[in-house]
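Let me begin by presenting the structure, written as structure tokens, before commenting on it.
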Amino acid sequence: MPELPEVETIARELREGSGRRGPTVVGQTITAVTLRWPRHLADGGPRAFRRRIVGQSIRGVGRRGKYIVFDLSRDTLLIHLRMSGELRVASATEPRSPHDHTCFCLGNGSEMRFNDTRKFGRVHLVADPEEVTGPLGPEPLAPDFTARKLGGMLAARKRALKPLLLDQTFLAGLGNIYTDEALHRARLHPLRRSDSLTPAEVSRLYRGIRAAFRRGIQLNGASLDWVYQGGGMQNEFRVYGREKKPCPRCRTLIQKITLGQRSTHFCPQCQSLPGAKYET
DNA sequence: TAAAATGTTGGGTA
DNA sequence: ATACCCAACATTTT
Numbered sequence: 041m042p043e044l045p046e047v048e049t050i051a052r053e054l055r056e057g058s059g060r061r062g063p064t065v066v067g068q069t070i071t072a073v074t075l076r077w078p079r080h081l082a083d084g085g086p087r088a089f090r091r092r093i094v095g096q097s098i099r100g101v102g103r104r105g106k107y108i109v110f111d112l113s114r115d116t117l118l119i120h121l122r123m124s125g126e127l128r129v130a131s132a133t134e135p136r137s138p139h140d141h142t143c144f145c146l147g148n149g150s151e152m153r154f155n156d157t158r159k160f161g162r163v164h165l166v167a168d169p170e171e172v173t174g175p176l177g178p179e180p181l182a183p184d185f186t187a188r189k190l191g192g193m194l195a196a197r198k199r200a201l202k203p204l205l206l207d208q209t210f211l212a213g214l215g216n217i218y219t220d221e222a223l224h225r226a227r228l229h230p231l232r233r234s235d236s237l238t239p240a241e242v243s244r245l246y247r248g249i250r251a252a253f254r255r256g257i258q259l260n261g262a263s264l265d266w267v268y269q270g271g272g273m274q275n276e277f278r279v280y281g282r283e284k285k286p287c288p289r290c291r292t293l294i295q296k297i298t299l300g301q302r303s304t305h306f307c308p309q310c311q312s313l314p315g316a317k318y319e320t
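In this text, residue positions in the first sequence follow the numbering used here: the first is 41, and each later residue adds one.
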């Protein structure tokens, strides 16, 4: 479900505490773990996982790409929500939901519950977070990520923008929604080859990605379907899920195509493809 | 009923 | 090595 802004929102709420996601988990000790779907564990079995994590305290909560990163007293716990994951803190006395597959019991009598309907999520427990986040591309919102740097990265590849931007080893954090939104902001066609962009187009893409992410974080992410509630970004989508609706910029009807097995939304007018601009 | 859904990975091919 | 396609993972919803 979540992309960078949603994961950032969840990490912040777990760190700072909120009515929606419960009190902060920072400072709490993990006293026990319930694993009802052991395949949540990326490596190793439940016994080794329990033995290793129980007794460690949570020193901080952050984010890298789409991973939520828990800085523990000895190791690092990384959770990837994939398509349907959700993290909430509840009192241990509250009944667990059917899809609360992995629960971390905390010292203050609360539980951090990894709810994951589709069971695609993953839990990593490692000594060095680089073991997990090492392959990821740069953080798009990091101060040292510049338009110049993005331009160099794009020029070094020969791929269509959409699938390239979805590649987490190229750039960390973009998913299907924010990629479409960023490309619309940048007025670039999803099929545009990465090594064909002018400096002005690189600049537009850079600003499009950062602006889409910043706005998403500002609105606490997007709420879609029955999963992940609380965000408001879904009300500001310019193209995602807006097939046959007018482009907010030029009123041309938004098109939906399938690209690399993912639904792709764009404005054929604002995001025209050079050499193919006569198609309807 | 078939199709689609905010994600990733592994296999095969060129 | 790079690019591209597909299947798989598991479940719910339209």
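Glycine is no exception: its CB is placed at the ideal position from the N, C-alpha and C atoms.
Does DSSP put Phe160 in a helix, a strand or coil? The sequence position of residue 160 within the first sequence is 120, counting from 1. Of the three classes helix, strand and coil, the one that applies to Phe160 here is coil, per DSSP.
If I measure Cβ to Cβ from Arg322 and keep anything under 8 Å in the same chain, skipping five residues before and after, which residues do I get? Residue 322 is absent from the model: the chain starts at 41 and stops at 320.
Among Arg60, Gln269, Glu48 and Arg233, which one has its Cα closest to the Cα of Ala130? Residue numbering aside, residue 130 sits at position 90 when the first sequence is read from its first letter. The shortest C-alpha to C-alpha distance from Ala130 to any of Arg60, Gln269, Glu48 and Arg233 is the one to Arg60.
Distance, Leu214 Cα to Lys317 Cα: Stepping through the first sequence from its first residue, residue 317 is reached at position 277. Stepping through the first sequence from its first residue, residue 214 is reached at position 174. For Lys317, the predicted structure reports a pLDDT of 41, less than 50, and the residue's modelled location is therefore unreliable. A value from the coordinates is still provided. Taking the straight line from one Cα to the other gives about 27 Å.
Is the beta carbon of Arg254 less than 8 Å from the beta carbon of Leu228? The sequence position of residue 254 within the first sequence is 214, counting from 1. The sequence position of residue 228 within the first sequence is 188, counting from 1. Result no, Cβ atoms of Arg254 and Leu228 do not sit closer than 8 Å.
Would you call the CB atoms of Phe89 and Ile98 closer than 8 Å? Here residue 89 corresponds to residue number 49 of the first sequence, with the count starting at 1. Here residue 98 corresponds to residue number 58 of the first sequence, with the count starting at 1. No, Cβ-Cβ distance for Phe89 and Ile98 is not below 8 Å.
Between Pro178 and Leu211, which are expected to be in contact by the criterion C-beta below 8 Å, what is the C-beta distance as a whole number of angstroms? Numbered from 1 along the first sequence, position 138 holds the residue referred to as residue 178. Numbered from 1 along the first sequence, position 171 holds the residue referred to as residue 211. Between Pro178 and Leu211 the beta-carbon gap is near 6 Å, inside 8 Å, which marks them as a contact.
Cutting at 7 Å between CB atoms, please list the residues of its own chain near Asp235, excluding the five before and the five after it. Taking the first residue of the first sequence as position 1, residue 235 is located at position 195. Cβ neighbours of Asp235 beyond the five flanking positions: Leu194, Ala195, Arg197 and Lys198.
Run the CB neighbour count on Asn275, radius 10 Å, all protein chains shown included, and call it buried at 16 or more, exposed below. Against the first sequence, residue 275 aligns to sequence position 235. Asn275 sits exposed, since fewer than 16 C-beta atoms from the chains shown fall within 10 Å of its C-beta.
Spell out the partners DSSP gives Val101 in its beta bridges. By 1-based counting over the first sequence, the position of residue 101 is 61. Answer is Phe110.
Please report the straight-line C-alpha distance between Pro288 and Ala200, rounded to a whole angstrom. For the purposes of this step, residue 288 is taken as residue 248 along the first sequence, with counting starting at 1. For the purposes of this step, residue 200 is taken as residue 160 along the first sequence, with counting starting at 1. Using only the alpha carbons, I get a separation of about 24 Å.
Could you name the residues of the same chain whose beta carbon sits closer than 6 Å to that of Pro86, not counting the 5 residues immediately before and after it, in chain order? Residue numbering aside, residue 86 sits at position 46 when the first sequence is read from its first letter. Close CB contacts of Pro86 within its chain, under the 6 Å cut and outside five residues either way in sequence, are with Leu75 and Pro78 (chain order).
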